[in-house]
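J.: Once you've had a glance at the structure underneath, I'll fire off some questions.
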Amino acid sequence: MIPANFPLLPGATLGVLGGGQLGRMFVHAAQQSGYFTAVLDPDADSPAGRVSHHHVHTDYLDGDGLARLSRLADAVTTEFENVPSRALASLAGDVPVAPSADAVAIAQDRIREKAHFVKCGVACAPYAVIETAEQLSAVTDDLLPGILKTATLGYDGKGQQRVASRGQLGAAWMDAGQVPCVLEKRLTLDFECSVIVARGHDGQAVNYRAQRNLHRDGILAVTEAHEECVPPEIAKRAAEAALSIANGLNYVGVLCVEFFVLADGELVVNEMAPRPHNSGHYTIDACELSQFDLQVRTLAGLPLVEPRQHSPAIMLNLLGDLWLAKGPQATEPPWAQVLALPGTHLHLYGKQEARRGRKMGHLNITGASVAEVRATAVRAAALLG
Ligand code: ADP
Ligand code: MG
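Structure (structure tokens):
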């Protein structure tokens with residue numbers, strides 16, 4: 001249903017639950033179009049809170065904080081998958097909220113998420129739900145070697161354990177505190193890709209072409225986005241699957257669906273994120289509309305248009321390790337040399353402390369051709385060590 005006061009035009013205030021880098025880039029996009037912004041985040045020094053017009057500095061479930069946010073904002077979205085869906089549900093009584101608490105709750109729970117994929121007819125890796133000791137002993141051997149993943153609160157590879165035998169599986173479930181988990185068969189991946197969809201209140205949806213993702217230690221390291229990185233036929237199937245997953249949720253907002261591509265070309269859905277995604281950061285510099293522009297449009301009820309890509313792109317994630325390469329004392333990477341390379345766009349999130357594995361920023365690389373972009377990425381990566 002489209003809220004009565006929509007579309008919200010520039011001058012309105014857009015709210016976001018969560019103040020991390022995704023919230024910061026949402027705030028930048030909203031402000032560029034003349035919106036005011038309000039961020040709710042428990043951290044006084046959050047990346048988004050520091051650049052927003054309003055910063056409500058409370059826990060996500062704090063009643064006063066949520067009431068303040070709903071008074072400040074004309075519509076509210078979320079940027080962090082693990083913001084409790086109850087916070088969105090409670091706001092929805094007072095102010096339009098997108099995506100819905102229901103959609104976020106499904107994406108936050110791997111058990112419900114996989115059931116949704118199955119319902120939409122999209123294949124996922126063979127898996128078993130493990131919530132009880134009986135389910136643990138009923139696991140069949142064909143799921144091993146596998147990966148045990150906690151049903152909730154995992155990200156960047158956290159909450160996951162590789163298991164090769166039943167003994168290891170039992171120990172891993174004990175180690176996880178016997179919380180609800182899924183055991184997934186470990187697949188041999190040819191590569192990984194993702195599709196970002198934006199869907200409006202009226203059900204209209206647009207998407208970016210599938211981009212190819214390289215992970216290191218469970219964390220996204222590199223995204224490549226151009227015609228050559230995902231074969232057209234696979235890109236088409238991935239887009240269709242992502243759209244059916246979004247439609248099946250009656251989703252409003254930006255949704256990212258991650259896929260595995262197997263050696264025989266089979267496409268397997270991995271997981272979804274109910275928000276813009278790290279693998280879509282290249283859209284800021286390589287597309288007419290970024291994933292954050294589309295988040296603003298879906299939230300405000302503005303028209304969605306195909307977000308055409310005008311340049312091939314590669315994104316390099318910048319983790320805290322780069323700052324700690326010379327020892328425990330953080331030193332700034334050689335930005336002046338990196339920025340001397342044509343086509344480099346540096347995005348830093350304003351985080352004060354560099355820690356290993358912490359996402360500090362990303363470098364987008366654009367250029368006239370795929371070969372040029374790849375050559376620049378190699379040179380930038382060499383400078384960054
Ligand atoms: P997170 O929520 O931490 O992103 P994912 O389920 O996406 O968790 O797993 C992180 C990465 O681990 C994936 O991008 C992929 O590289 C690898 N991975 C996860 N599940 C499997 C699997 N079943 N088979 C092979 N690799 C996997
Ligand atoms: Mg993932």
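Quick note on the UniProt record's numbering: the sequence shown kicks off at 1 and runs consecutively. Note that CB positions come from ideal geometry on N, CA and C, so glycine has one too. Quantities reported herein were computed from a predicted structural model and do not represent experimental measurements.
1) Compare the Cα-Cα distances from L214 to each of S311, A239 and V261 and report the closest residue.
2) Per DSSP, C256 is paired with what?
3) Hey, A151 and C181 are a contact pair by Cβ (cut 8 angstroms); roughly how many whole angstroms apart?
4) For a minimum of 4 consecutive residues, which ranges assigned as the alpha helix (DSSP H) are wholly contained in the segment 38 to 113?
5) Going by C-alpha to C-alpha distance, which of T366, G320 and A377 sits closest to Y349?
6) For the ligand ADP, any of its heavy atoms closer than 7 angstroms to the Cβ of P205?
7) Whose C-alpha, out of Q31, L22, A38 and E240, is nearest the C-alpha of P47?
8) Rounded to a whole number of angstroms, what is the C-alpha to C-alpha distance between residue 387 and E192?
9) Taking DSSP as the reference, what is the three-state secondary structure of G19?
10) Here's the rule: buried if 16 or more other CB atoms are within 10 angstroms of the residue's CB, otherwise exposed. What is P342?
11) According to DSSP, which residues form a beta bridge with F36?
12) Which residue marks the beginning of the beta strand (DSSP E) containing K149, and which one marks its end?
13) In angstroms, rounded to a whole number, what distance separates the CA positions of residue 441 and I147?
14) I want to check one thing, is the minimum distance from the CB of A107 to the heavy atoms of the ligand ADP below 7 angstroms?
15) Sorry if obvious, but does the Cβ on E233 come closer than 7 angstroms to a heavy atom of the ligand MG?
16) With DSSP as the reference, please indicate the residues paired to M174 in a beta bridge.
17) In or out: I2 buried (at least 16 other Cβ within 10 Å) or exposed?
T.: Looking at the coordinates:
1) Within the sequence shown, residue 214 is the residue found at index 214, counting from 1. Nearest of S311, A239 and V261 to L214, Cα basis: V261.
2) Here residue 256 refers to the residue found at position 256 of the sequence shown. I196 and A273, per the DSSP bridge assignment.
3) By 1-based counting over the sequence shown, the position of residue 151 is 151. By 1-based counting over the sequence shown, the position of residue 181 is 181. Yes, they are in contact, since the Cβ atoms of A151 and C181 sit about 6 angstroms apart, within 8 angstroms.
4) DSSP assignment within the segment 38 to 113 yields the following whole alpha helix (DSSP H) runs of 4 residues or more, N-terminal first: 63 to 72, 85 to 92 and 101 to 107.
5) Along the sequence shown, one-based indexing puts residue 349 at 349. Relative to the Cα of Y349, the nearest Cα in the group T366, G320 and A377 belongs to G320.
6) Here residue 205 corresponds to residue number 205 of the sequence shown, with the count starting at 1. A small fix is needed here, since residue 205 is Ala in this sequence, not Pro. For A205, the distance from the CB to the nearest heavy atom of the ligand ADP is not below 7 angstroms.
7) Mapped onto the sequence shown, residue 47 falls at position 47. When only C-alpha atoms are compared, the closest one is L22.
8) Coverage of the chain is limited to positions 1 through 385, which leaves residue 387 absent and any answer about it impossible.
9) Start at 1 with the first residue of the sequence shown, and residue 19 comes out as number 19. The answer is coil: DSSP assigns G19 none of H, G, I, E or B.
10) Taking the sequence shown and counting its residues from 1, one reaches residue 342 at position 342. Under this definition P342 is an exposed residue.
11) By 1-based counting over the sequence shown, the position of residue 36 is 36. DSSP lists T13 as partners of F36.
12) Within the sequence shown, numbered from 1, the residue matching residue 149 stands at position 149. Taken as a continuous stretch (DSSP letters only), the beta strand (DSSP E) holding K149 covers G146 to T150.
13) What is shown of the chain runs 1 to 385, which leaves residue 441 out entirely.
14) On the sequence shown, position 107 is the one that residue 107 refers to. Not under cutoff, so the answer is no.
15) What you label residue 233 is simply residue 233 of the sequence shown in a count that begins at 1. Every heavy atom of the ligand MG is 7 angstroms or more from the Cβ of E233, so no.
16) Counted from its first residue, the sequence shown places residue 174 at position 174. None; M174 has no bridge partner.
17) By 1-based counting over the sequence shown, the position of residue 2 is 2. Label assigned to I2: exposed.
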